[in-house]
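Peer 1:
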Amino acid sequence: MTGAADPTAPLGVGLAPTGHPGVDAGLARLEALDGVPAEAHVAVYEDVHQRLADMLAALDQE
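Letter by letter, the sequence shown follows residues 3 to 64 of this note's numbering.
#1: Is the CB-CB distance between residue 21 and residue 53 below 8 Å?
#2: Just the C-alpha distance for residue 16 and residue 61, rounded to the nearest angstrom, thanks.
#3: When we look at the beta-carbon of residue 28 and count the other beta-carbons within 10 Å, is it buried (16 or more) or exposed?
#4: Is it true that the CB of residue 50 sits closer than 8 Å to the CB of residue 32?
#5: Is the separation between the beta-carbon of residue 35 and that of residue 46 shorter than 8 Å?
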């Protein structure tokens, strides 16, 4: 693979805690994808998106 980046190489993006346990748990799931092939990311992205959407919906109910 000359000149091409390794698709499983960690991106090295740091995540700062938000102080909200649910959001931080979602971010931790994204952080776990570092070094995982992109094909495996979709299910985790969908799960995190749903969790965040549920948290926002719950805020609307308060």
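Just so it is clear, CB atoms sit at the ideal spot from N, CA and C, and this is done for glycine as well.
Peer 2: On the basis of the data shown:
#1: Going by beta carbons, residue 21 and residue 53 fall outside the 8 Å limit.
#2: Answer to the nearest angstrom: the Cα atoms are 27 Å apart.
#3: Classification for residue 28: buried.
#4: For residue 32 and residue 50, yes; Cβs fall inside 8 Å.
#5: In this structure, residue 35 sits near residue 46, with a CB-CB distance shorter than 8 Å.
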